């Protein structure tokens, strides 16, 4: 549930029905929860966003644990309980230790590996100040290289966009959860 | 110029050279400013992102004036000098009043707006300052734009916030000439 109703095929303008069918193929009917339930209000937009998400999540070659760390740092900075709830368990599974996940959630400082601190500092600095210091930028580009740093930046921006629509449309958390709710 | 060189066909890995050419063609040819030279360091990302951006910028059917106003609200909230310079001028051209553009820039009290302008500005500013949107502000925006366009306007702001992140983090240098005063950041 959210602030707008579930979109059924009958609600969609004829010119968007083909796009609607494509984005609802996996669920085999109306999308009733999660981010897809919101993006489907604009079927053509949803259809084009999927390949971008897919590239940033599944096709890029930076390590999955760094990806999940980037996502949870973004979710925390944007106060998004939904993304936090979905990705904190994934970050733990990918090998981010519990103490670090909890420290990000609770806004505490913690020592990290060079790779971890390169992405966490980059994201936290940007979301707090809207800029990145020379030292932090250099640590990130040295660690990841230009292509992957561009992709990590885009990934964090992509998830910040996700946080915006999940929060604005008040998409409800799933009932079954393994994570404490993000304190906001 | 920026903190990293522009992505170039000669320097991207062989498997991305096709995507590089396609992305440059979709962008409308080689560009030296803005986010694309940075983004082209990942050609496949650039290609998929331009396809999405084209929908939000060129195919969606909310008015160009509302589109430019949404972009201004997002880039002001993200303190993005580059995107501000590019879009403050186009917002004025599309009919956003000078008083409103200047008030968003200077974070001073907003002038009287049309209900449509107010619905959008309140929605964007509330999210970016508190990370949530009150029921009254959400309802006003939904009544004004409907669900499809409100989703698209939200995505457009999120897209420009992402652009701002790229421009600011990679320190893309401003064009030398601009009719707009600098954003106070």
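Protein chains in written order, with our numbering: chain A, 1 to 184; chain B, 1001 to 1185. C-beta atoms are modelled at their ideal positions from N, C-alpha and C, and glycine is treated no differently. Fair warning: this is a prediction, and the values are worked out from it, not measured in the lab.
| request: Give the DSSP-derived three-state secondary structure of residue 1091 (chain B) in the structure shown. | output: On the second chain, residue 1091 (chain B) is found 91 positions in, with the first residue counted as 1. DSSP places residue 1091 (chain B) in the helix class (H, G or I) of the three-state scheme.
| request: Return the residue from the list B:1165, B:1162, B:1092, B:1139 that minimises the CA-CA distance to residue 170 (chain A). | output: If you number the first chain from 1, residue 170 (chain A) lands on position 170. With distances taken between Cα atoms, residue 170 (chain A) lies closest to B:1139.
| field | chain A contacts made by the stretch 1153 to 1184 of chain B, where a contact means CB separation under 9 angstroms | value | The residues in question are 1154, 1155, 1157, 1158, 1159, 1161, 1162, 1163, 1164, 1165, 1166, 1168, 1169, 1170, 1171.
| message | Report the start-end ranges of each beta strand (DSSP E) in the stretch 59 to 145 of chain A that is 3 residues or longer and not cut off at the edges. | response | You should have found no qualifying run.
| query | Is any beta-carbon of chain A found at less than 8 angstroms from that of residue 1106 (chain B)? | reply | As a working mapping, residue 1106 (chain B) is identified with position 106 in the second chain. No - not a single Cβ of chain A is within 8 angstroms of the one on residue 1106 (chain B).
| request: Indicate whether at least one CB of chain A lies closer than 8 angstroms to the CB of residue 1082 (chain B). | output: Reading the second chain from its first residue, position 82 is the one you call residue 1082 (chain B). For residue 1082 (chain B), the answer is no, since every Cβ of chain A falls outside 8 angstroms of its Cβ.
| Can you tell me the Cα-Cα spacing of residue 126 (chain A) and residue 1169 (chain B), whole angstroms? | The residue labelled residue 126 (chain A) in the question sits at position 126 within the first chain. The residue labelled residue 1169 (chain B) in the question sits at position 169 within the second chain. Taking the straight line from one Cα to the other gives about 7 angstroms.
| query | Quick one: which chain A residues come within Cβ less than 7 angstroms of residue 1148 (chain B)? | reply | In the second chain, counting from the first residue as 1, residue 1148 (chain B) sits at position 148. Residues of chain A passing the Cβ test: 41, 42.
| request: Note down, in chain order, all residues in the stretch 1036 to 1051 of chain B with a beta-carbon under 7 angstroms from any beta-carbon belonging to chain A. | output: Along the stretch 1036 to 1051 of chain B, going in chain order, the ones with a CB nearer than 7 angstroms to a CB of chain A are 1038, 1039, 1041, 1042, 1044, 1045, 1048, 1049, 1051.
| message | Any C-beta of chain A within less than 7 angstroms: which residues of the stretch 1126 to 1141 of chain B qualify? | response | Of all residues in the stretch 1126 to 1141 of chain B, 1127, 1131, 1132, 1133, 1138 have a Cβ within less than 7 angstroms of some Cβ in chain A.
| Three or more C-beta pairs below 8 angstroms linking the stretch 165 to 184 of chain A and the stretch 27 to 42 of chain A | Flag = yes, the stretch 165 to 184 of chain A and the stretch 27 to 42 of chain A touch.
| request: Check whether the Cβ atoms of residue 165 (chain A) and residue 1155 (chain B) sit closer than 8 angstroms, and answer yes or no. | output: Indexing the first chain from 1 puts residue 165 (chain A) at position 165. Indexing the second chain from 1 puts residue 1155 (chain B) at position 155. Result yes, Cβ atoms of residue 165 (chain A) and residue 1155 (chain B) sit closer than 8 angstroms.
| task | Closer than 6 angstroms by C-beta to residue 1161 (chain B): which residues in its own chain qualify, once you throw out the five before and the five after it? Chain order, please. | result | Sequence index remark: in the second chain, residue 1161 (chain B) carries index 161 (1-based). Excluding residues within five positions, the ones whose Cβ falls inside 6 angstroms are 1074, 1078.
| query | Which class does residue 1003 (chain B) belong to by DSSP, given the choice of helix, strand or coil? | reply | Translated into the one-based positions of the second chain, residue 1003 (chain B) becomes position 3. Residue 1003 (chain B): coil per DSSP, three-state reduction.
| query | Comparing the C-beta of residue 1001 (chain B) with each C-beta of chain A, is any distance below 8 angstroms? | reply | Against the second chain, residue 1001 (chain B) aligns to sequence position 1. Chain A contact via Cβ: absent.
| query | Is DSSP giving residue 148 (chain A) helix, strand or coil here? | reply | Walking along the first chain from the start, residue 148 (chain A) turns up at place 148. Three-state DSSP puts residue 148 (chain A) in a helix.
| said: At 3 residues or longer, what runs of the beta strand (DSSP E) sit wholly inside the stretch 1008 to 1043 of chain B? | reply: Within the stretch 1008 to 1043 of chain B, no complete beta strand (DSSP E) run reaches 3 residues.
| message | Check this for me: beta carbons of residue 1016 (chain B) and residue 1035 (chain B), under 8 angstroms apart or not? | response | On the second chain, residue 1016 (chain B) is found 16 positions in, with the first residue counted as 1. On the second chain, residue 1035 (chain B) is found 35 positions in, with the first residue counted as 1. Note that the C-beta distance between residue 1016 (chain B) and residue 1035 (chain B) is not below 8 angstroms.
| task | Within its chain, find whatever has a CB closer than 6 angstroms to the CB of residue 19 (chain A); leave out the 5 residues flanking it on each side and keep chain order. | result | Residue 19 (chain A) sits at position 19 when you count from the first residue of the first chain. These residues qualify, in order along the chain: 43, 44, 47.
| said: I'd like to know whether the C-beta of residue 34 (chain A) is nearer than 8 angstroms to at least one C-beta of chain B. | reply: Position 34 of the first chain holds residue 34 (chain A). By this cut-off, residue 34 (chain A) is not an interface position.
| task | Examine chain A for any beta-carbon lying closer than 8 angstroms to the beta-carbon of residue 1027 (chain B), and answer yes or no. | result | Counted from its first residue, the second chain places residue 1027 (chain B) at position 27. It does not; no Cβ of chain A falls within 8 angstroms.
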